[in-house]
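Novice: This is the structure I want to talk about, given as structure tokens.
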Amino acid sequence: MECDVLVIGAGLSGLIAAAVAADYNKKVIVIAEGRGNLYAASGFIDFLGYYPRNAQFPLKKTRLAVQKLIIQEPEHPYAVAGENIIQEAFDYFSRLTATIGYPYWGSWEENRFIPTAVGAIAPAAMVPYTARAELESYPRILVAGFQEQGDFYPHLVAENLQQQMRVLNINSQVDAKWMELGINAIKELNSFDVALMLEKKDVRDRVIAQLEKVIKGDTLLIVPAVMGISRWQEVVASFEETLSCPIMEIPTLPPSVTGFRLAESLLAYLKKKKVELYWSVKVTRVDIKAGECRGITATAVNGREIHFHGKNYILATGGVLGGGIKVGLEEVEERVFKIPVQGELRAYNEDFFATQPYAYAGIKVTPDLQPTDDKGQRLYNNVFIVGRNLFGYDPFTEKSGNGVALVSGYLAGALAARGPRK
Ligand SMILES: Cc1cc2nc3c(=O)[nH]c(=O)nc-3n(C[C@H](O)[C@H](O)[C@H](O)COP(=O)(O)OP(=O)(O)OC[C@H]3O[C@@H](n4cnc5c(N)ncnc54)[C@H](O)[C@@H]3O)c2cc1C
């Protein structure tokens, strides 16, 4: 298989890189062992929630903090990319999500406060349309959950949210309500089950009727992210129009309907752009000559070998959690190119809430995202590293996971398609 850009990995960073390269009219192939993290996670774009990382309160405005981070931490992926690329990446994501019919709201310069599935407040830069409402703008908030659904407790969410909003000086009244789908469920339903049920008009009408009795003016209705799968627009519109109040979907425990919607919409876009996708393949050989990757052999589940030849390669295999970096008892190994993993993967801070040394471990790169060895020398000029594989950031304490995936995926897609930065 010949292509201009071969992307290895299909998480957010790989899908964005593939979309950008395809937009430059390059022939792009994506190969992946499995689906990326979006299917388990919200798909909300955290960019920089806390800086300094041990700050008590989340950042609202982020520009100054990012500028400081870029100066203080030159190996952080945001410093490698720079402010202009960050801006370009977020502009691109805004346009792309509008084009694919799953629009996102927000910007990298200002965080929105989003309740988690237990009612804590988390900072996120960009969220899907169905989470666009801002908590601060509503005097009354009603958190509603479904009796038939597991792992979402509206009264717990409301109580925690009320407390956290007081700390942040947001003075809304938060109440809770159980709703019933009114079906004969023989097991506890997960988010997908409920989302599919709500695509049925009769079920939806029953739920809306229960809310009509309690919703007052100026209320924000918070619900778990279950407002339909592919027909989310119809589901959300019928709630908002009948109840005359905005809805805010908040992330649930996995599986994640919002992450699924984003991933599937991105994949549909790639297919439209004639990007070829190969699932369940494992890279078994790479052909390296004179500082360049000349080809890759991957093995499908049935044992068939497939040879790929790209001009450029993007390694988007998701670090330790995504499966791209293997941590054994003795050794740590980047699985495709055997690129050295730098940092202290085995070091940890005993304070559970502190920033953890192992979180920073990953692959060090040149300003053009090419991998380097432990002496800082570029290893391959046509391989680009993105997402969770990168060295130098802690997505957990700084809240930057999908932000780094988006910015690095955007940059790598552009570099692989149009050549090095001037
Ligand atoms: C439960 C959970 C919730 C999260 N919630 C949020 C959130 O709300 N907001 C936020 O900003 N961040 C969140 N994050 C972090 C964020 O999801 C990640 O930082 C981000 O998804 C990383 O994307 P990625 O593309 O680097 O990797 P991944 O999404 O992990 O994708 C890796 C891809 O590479 C493939 N792969 C791996 N090894 C190989 C191989 N050898 N050959 C071929 N393919 C391979 C995998 O199959 C997969 O397709 C969350 C993380 C978790 C675990």
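Going by this note's numbering, the sequence shown opens with residue 69, and the numbers climb by one from there.
Glycine included, every Cβ here is placed at the ideal spot set by N, Cα and C.
For the beta strand (DSSP E) containing residue 223, name the first residue and the last one.
Specialist: Translated into positions along the sequence shown, residue 223 becomes position 155. Note, residue 223: premise wrong, no beta strand (DSSP E); alpha helix (DSSP H) at 222 to 235.
Novice: If we ignore side chains and look at the alpha-carbon of each, how far apart do residue 280 and residue 309 end up?
Specialist: To locate residue 280, count along the sequence shown from 1; it is residue 212. To locate residue 309, count along the sequence shown from 1; it is residue 241. The alpha-carbon atoms of residue 280 and residue 309 are separated by roughly 11 Å.
Novice: Check for me: the alpha helix (DSSP H) holding residue 167 runs from which residue to which?
Specialist: On the sequence shown, residue 167 is found 99 positions in, with the first residue counted as 1. From DSSP, the alpha helix (DSSP H) with residue 167 extends over 151 to 167.
Novice: How many Å lie between residue 474 and residue 126 at the Cα?
Specialist: As a first step, residue 474 is located in the sequence shown; it is residue number 406 there, counting from the start. As a first step, residue 126 is located in the sequence shown; it is residue number 58 there, counting from the start. Residue 474 and residue 126: Cα-Cα distance of roughly 21 Å.
Novice: Does DSSP put residue 69 in a helix, a strand or coil?
Specialist: The residue given as residue 69 occupies position 1 in the sequence shown. Three-state result, residue 69: coil.
Novice: Here's a check: name, in chain order, each residue in its chain whose Cβ is nearer than 8 Å to the Cβ of residue 337, leaving out the five neighbours to either side.
Specialist: Residue numbering aside, residue 337 sits at position 269 when the sequence shown is read from its first letter. Cβ within range, chain order: 87, 164, 167, 168.
Novice: Does DSSP classify residue 170 as helix, strand or coil?
Specialist: Translated into positions along the sequence shown, residue 170 becomes position 102. Note: residue 170 maps to coil in three-state DSSP.
Novice: So, at 7 Å on beta carbons, what are the nonlocal neighbours of residue 200 in its own chain, with the 5 sequence-adjacent residues on each side left out?
Specialist: Position 132 of the sequence shown, counting from 1, holds the residue named residue 200. Result list for residue 200: 173, in chain order.
Novice: Is the separation between the beta-carbon of residue 133 and that of residue 141 shorter than 7 Å?
Specialist: If you number the sequence shown from 1, residue 133 lands on position 65. If you number the sequence shown from 1, residue 141 lands on position 73. Not a contact, by the Cβ cut-off of 7 Å.
Novice: With distances taken from CA atoms, which of 384, 313, 442 is nearest residue 285?
Specialist: To locate residue 285, count along the sequence shown from 1; it is residue 217. The shortest C-alpha separation from residue 285 is found at 313.
Novice: Relative to the C-alpha of residue 227, which residue among 250, 189, 214, 258 is closest?
Specialist: One-based indexing of the sequence shown puts residue 227 at position 159. Of the candidates 250, 189, 214, 258, the one whose C-alpha sits nearest the C-alpha of residue 227 is 189.
Novice: Among the residues of its own chain, which have a CB less than 7 Å from the CB of residue 115, if the five just before and after it don't count?
Specialist: Your numbering for residue 115 matches position 47 in the sequence shown. 130, 176, 193, 468, 471, listed in sequence order.
Novice: Apart from the five residues on each side of it in sequence, which residues of its chain come closer than 8 Å, Cβ to Cβ, to residue 488?
Specialist: For the purposes of this step, residue 488 is taken as the residue at position 420 of the sequence shown. Same-chain partners within the cutoff: 436.
Novice: What's the gap between the Cα of residue 80 and the Cα of residue 112?
Specialist: For the purposes of this step, residue 80 is taken as residue 12 along the sequence shown, with counting starting at 1. For the purposes of this step, residue 112 is taken as residue 44 along the sequence shown, with counting starting at 1. Rounded to the nearest angstrom, the two C-alpha atoms are 11 Å apart.
Novice: With burial defined as no fewer than 16 other Cβ atoms inside 10 Å of the residue's Cβ, what is the status of residue 318: buried or exposed?
Specialist: The residue given as residue 318 occupies position 250 in the sequence shown. Per the 10 Å Cβ criterion, buried.
Novice: What I want to know is whether the C-beta of residue 355 ends up closer than 6 Å to one or more non-hydrogen atoms of ligand 1.
Specialist: Here residue 355 refers to the residue found at position 287 of the sequence shown. Answer for residue 355: no, Cβ out of range of ligand 1.
Novice: Does the beta-carbon distance from residue 450 to residue 360 come in below 7 Å?
Specialist: Residue mapping note: residue 450 aligns to position 382 of the sequence shown, counting from 1. Residue mapping note: residue 360 aligns to position 292 of the sequence shown, counting from 1. A contact, by the Cβ cut-off of 7 Å.
Novice: What does DSSP give as the partner residues of residue 246 in its beta bridges?
Specialist: Your numbering for residue 246 matches position 178 in the sequence shown. According to DSSP, residue 246 bridges with 213.
Novice: Let me check understanding here. Comparing Cα to Cα, which of 382, 390, 274, 208 lies closest to residue 438?
Specialist: In the sequence shown, the residue the question calls residue 438 occupies position 370. Of the candidates 382, 390, 274, 208, the one whose C-alpha sits nearest the C-alpha of residue 438 is 382.
Novice: Using only alpha-carbon positions, find the residue among 247, 213, 293, 282 that is nearest to residue 182.
Specialist: Position 114 of the sequence shown, counted from the first residue, corresponds to residue 182. Nearest of 247, 213, 293, 282 to residue 182, Cα basis: 293.
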